[in-house]
C-alpha cells in the first residue's frame, strides 16, 4: 500500500488524508492513488505547509516525503487560478524529476493542475516543449538546477508569480555541486514566497545553506530509521576480483526475482553488465553517461519485469520507487553510512521481505564499522570464497585497513591503489615483502640504479646523527656571521693536449678498400641516329597488337607527333625517324 511504509504500520490511530481538510478534488486523486493513512513525516509536514510556514524536514528515503509537500501544495493550487507558475521543485536527478511529475499527474488529476519535468539529456524537441511550459506558465515546474539555469540565461523564464519553492533531496544536490546553481536561481525568485527543504540527512552544510534561503523555518527531524526487519542483510568478505564469481554463486543459490546492483564507480557499470550477460543472467545498466531516453527505457523495462538485474550508480538510491524488489547488492560499499540505508531500503517495502547483499573488500572495512554503528547492529561477515575454490578471502580487520579508504584494489591483493587492480592474495610466506628474491645491489624502487650506499651511510649508522649535528652547527655559525663564507671557485680544468694534424691524403676512417674509380663520362649519341625503339620491328613489343605503342614513363608520348583523329597511334617504322629530342 503506497503512502504507508511498513515502518509505521504498527502505530495506532494513524491519521488519514481526509483528516487534513483538503479539497474534494484533491482527495479524489489521493484515493485514486491508493493513499490511505499518512506517514509520520506527512502527519507533521502537511499542517505546517498548509499554514504557510517555511520548513526544514529530514527523513530517510521511502518515508513519503514527496507526498508530504505535493499534497498540501496541490490543495493551495486547487483554490487558486491556473495558468501561472506558482510552484518550483528542484531535484538532483532526471529520474526523480520524472517520478515527481508522474505523482503530480496522479494526485492532481481532478484538480487539473499542469506540470512538466525539466532536465537535460533529451532530444531537441524536448527543449522546445520545456520552453513553451516555462513561458506559458505550467502550475508546477520540476527541474534539475543545471537545465533550469540554461533556460533562465536565455531571458524568457519569468517567475514573478512564484509562491512556493521546494528543494527535494537537498543533501544529494549539495553533494553533486549544485549549491551555486541553486543560489543563482533563488536570487531571481520573489522574496515573498514559501520555501520548503526536504533532505534525507542533515549535515552542517545543509543547515548553513538553509539559513540563506529560508526565513524562520520550522523543523521536522525524524531519526534515520534502522533497516526494516524484513531485510535479510548479508555481508561477504571478498577481494575485488572475487565479487562476480561469488555473485554468480549467490544468484544460483537464492531465488532472485528482481535485483538492483549498486556500484560506486560509474565506469564499472558497463563491465558488470557485460559480465552478467556472459554468465547467462540478463542485465542492463543505468548511469548518467546514458541519454535520458535510454535511461527511461531501461527503467520502464525493469519495472515491467523484462529483465531481472539492473546495474546502477547511486542515481537510483534516492527517491526512486520500485515495487517488488527481491534483492539489493552493494557491489561497492557506499561512502556514507546513510546511503547504505537508502540503498537497501529499495527492497522489503510495504511489509514485504527482501535480501541485501554487501561485498566487503579491504578498502571498505572502516565504512562497515560506521554502517554497523548507524544501524546499531553487527552483521556476520561471511568468508565463502575458499570453499567455492576462488582462493582465500580478506580478513576483517578495520584497524589494519583503515588507511585504504577510497583506494581501489586491496592491500592483500597487491599494492593498494596501484593501477586499480586486485591481484589476489600474496603467496604464502611473501607477506610484507618476505620470501621475495633479493634485489641486486643498487636495484631500488623507481627504476633507477643509484649504486650501492656509500660506506658510513647505512640507515642505522651511529655516526649519522653526529655528522648531521656538525653540519647544522656549521650552518648556524654561517648564518650568525661567525664563520666567513668564501665564494666557491671551481678547480682549474686540465688543458687538453693538442691534436696532431692528419697527414695529407689520409682518409677519416682507415679502411683496407681502395677508393672507387670515378665513372667514365657517357659518350654522346651521334646526331640523326635512330633510337632503339625505332629499330625494333613492329609487333614485337610485348604482347601488344600491331599498331599500338607502349607509352613511356611519365605519361607522355614523346616525339611521335599528334595522334590521329580516330585515336589510333601511328606504327613506327625503320624509315620513319624519331622527332628530334627536346633534350
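Residue numbers (the numbering used here): 91 to 673.
All C-beta atoms in this analysis are idealised placements derived from N, C-alpha and C, irrespective of residue type, glycine included.
| Item | Value |
| --- | --- |
| Backbone secondary structure at residue 336 - three-state DSSP | helix |
| Meets three-Cβ-pair contact criterion under 8 Å: the stretch 231-246 and the stretch 180-188 | yes |
| Boundaries (first-last residue) of the beta strand (DSSP E) holding residue 458 | Unbroken run through residue 458 is the alpha helix (DSSP H), 455-465; no beta strand (DSSP E). |
| Other residues of its chain near residue 487: CB distance less than 8 Å, five sequence neighbours each side excluded | 455 |
| Inter-stretch contact (C-beta, 8 Å, three-pair minimum) for the stretch 103-116 and the stretch 159-166 | yes |
| Burial state of residue 244 (16 or more Cβ within 10 Å) | exposed |
| N-terminal and C-terminal residue of the alpha helix (DSSP H) that residue 241 is part of | 235-242 |
| Runs of beta strand (DSSP E) lying entirely within the stretch 92-155, each at least 3 residues, in chain order | 145-148 |
| Residues near residue 420 in its chain [Cβ-Cβ closer than 8 Å; skip 5 each side] | 352, 430, 433, 434, 446, 447, 448, 449 |
| Inter-residue spacing [alpha-carbon to alpha-carbon] between residue 189 and residue 489 | 42 Å |
| Contacting residues, own chain, Cβ-Cβ under 6 Å from residue 422 (five flanking each side not counted) | 353, 354 |
| Segment contact, 8 Å Cβ cut-off, at least three pairs: the stretch 381-397 with the stretch 167-174 | no |
| First through last residue of the beta strand (DSSP E) which encompasses residue 402 | 399-402 |
| Proximity test, residue 563 beta-carbon vs the ligand ZN heavy atom, cut-off 7 Å | Here there are no bound small molecules, and the ligand ZN is not part of this structure. |
| Cut-off 6 Å between Cβ atoms - residues of its own chain near residue 377, not counting five sequence neighbours on either side | 356, 359, 403 |
| Separation of residue 308 from residue 427, as counted between CA atoms | 27 Å |
| 6 Å CB neighbourhood of residue 348 in its chain, flanking five on each side removed | 398, 415, 416 |
| Rounded separation between residue 482 and residue 476 - CA only | 5 Å |
| Range of the contiguous alpha helix (DSSP H) that encloses residue 186 | 184-197 |
| Span separating the alpha-carbon of residue 119 from that of residue 289 | 26 Å |
| Whole-Å CB distance - residue 350 paired with residue 418, under 8 Å assumed | 5 Å |
| At least 3 beta-carbon pairs within less than 8 Å: the stretch 255-271 vs the stretch 210-229 | no |
| Beta-carbon spacing of residue 149, residue 312 below 8 Å | yes |
| Burial state of residue 461, where buried means 16 or more other Cβ atoms lie within 10 Å | buried |
| Start and end residues, alpha helix (DSSP H) containing residue 254 | Premise fails: residue 254 lies in the beta strand (DSSP E), 254-257, not in any alpha helix (DSSP H). |
| Environment of residue 246 [buried if 16+ CB atoms lie within 10 Å] | exposed |
| Contacts around residue 303, its chain only, beta-carbon distance under 7 Å, and the 5 residues preceding and following it disregarded | 276, 285 |
| Nearest candidate by alpha-carbon position, reference residue 374, set 158, 383, 382, 363 | 363 |
| Residue 553 - containing alpha helix (DSSP H), residue span | Here residue 553 belongs to no alpha helix (DSSP H), and DSSP marks it neither H nor E. |
| Cα-Cα separation between residue 372 and residue 301, rounded to whole angstroms | 48 Å |
| Straight-line Cα distance separating residue 453 from residue 459 | 12 Å |
| Segment limits, alpha helix (DSSP H) that includes residue 224 | 214-226 |
| Boundaries (first-last residue) of the alpha helix (DSSP H) holding residue 391 | 382-393 |
| Cα-Cα separation, residue 142 to residue 172 | 19 Å |
| Per-residue burial, residue 594 [other beta carbons within 10 Å of its own, 16 or more giving buried] | exposed |
| Beta carbon of residue 131 nearer than 8 Å to that of residue 152 | no |
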